[in-house]
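Under full-length UniProt numbering, the sequence shown has 114 at position 114, and the numbering climbs by one with no breaks.
Glycine is no exception: its CB is placed at the ideal position from the N, C-alpha and C atoms.
First comes the structure, then the notes that go with it.
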Amino acid sequence: KDKYGPSLATLIELGSTFSAMDYQKMLLHRHEFCGRVRSMFEDIDILIIPAQPNAAPTLAEMAALGDQDPGTLNALLQFTAPSDVTGSPALTLPAGYTKAGMPIAFQFIGRHFEEDILFRAGHKFQLETDWHLAHPTI
Numbered sequence: 001k002d003k004y005g006p007s008l009a010t011l012i013e014l015g016s017t018f019s020a021m022d023y024q025k026m027l028l029h030r031h032e033f034c035g036r037v038r039s040m041f042e043d044i045d046i047l048i049i050p051a052q053p054n055a056a057p058t059l060a061e062m063a064a065l066g067d068q069d070p071g072t073l074n075a076l077l078q079f080t081a082p083s084d085v086t087g088s089p090a091l092t093l094p095a096g097y098t099k100a101g102m103p104i105a106f107q108f109i110g111r112h113f114e115e116d117i118l119f120r121a122g123h124k125f126q127l128e129t130d131w132h133l134a135h136p137t138i
């Protein structure tokens, strides 16, 4: 455990509690979910969603994730995890700042092997906005 950060150590520990049967069931659910996502992309080219449910966490908040309830990490990953599970290509672009100055972002998700559509959509988004030009003072 000492070789990993607290967040990853918590996930590894959680993973060790699943049986082989549990793992097989998860693979089946993943396969079914991937099929539903493929079906969704028969009607759309890209899906644009928030990258996170809230503004980006601070470094201190990220460091404390391992000490918190697993639900906190789940909430942070709720919009990015589905693409991780399906392997769908995703592009995250800056989309503004909160009143406190923390960044927010959109995630563009596309079909497998059609990353060019994501890049074109992302490029168009950046032509229409200037969020990608803003950089924090270091």
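- Taken through DSSP and simplified to helix, strand or coil, Phe108 comes out as strand.
- Excluding its 5 nearest sequence neighbours in each direction, Ala90 has C-beta neighbours in its own chain below 8 Å: Thr80, Ser83, Gln107, Phe108, Ile109, Gly110 and Leu118, listed in chain order.
- Looking at Asn74, Leu76, Phe33 and Ala63, the one whose alpha-carbon comes closest to that of Tyr4 is Ala63.
- Judged by DSSP in its simplified three-state form, Ile49 adopts strand.
- Collapsing the DSSP output to three states places Ala95 in a strand.
- Approximately 12 Å separates the beta-carbon atoms of Gln52 and Leu73; this is outside 8 Å, ruling out the contact.
- Between the alpha carbons of His123 and Thr129 lies a gap of roughly 10 Å.
- Closest option to Ile48, judged by alpha-carbon separation, among Ile12, Ala100, Pro94 and Ala60: Pro94.
- By a beta-carbon distance limit of 8 Å, Thr92 does not contact Val37. Their separation comes to about 18 Å.
- When C-alpha distances from Leu11 are compared across Gly71, Cys34 and Thr137, the shortest belongs to Gly71.
- Take Thr98, set aside five residues on each side of it, and the residues of its chain with a beta-carbon closer than 8 Å to its own are Ala55 and Ile104, in chain order.
- Beyond the five residues adjoining it in sequence on each side, Pro50 comes within less than 6 Å, by CB distance, of Phe79 in the same chain, given in chain order.
- Scanning Thr58, Leu27 and Phe113 for the CA closest to the CA of Ala100 turns up Thr58.
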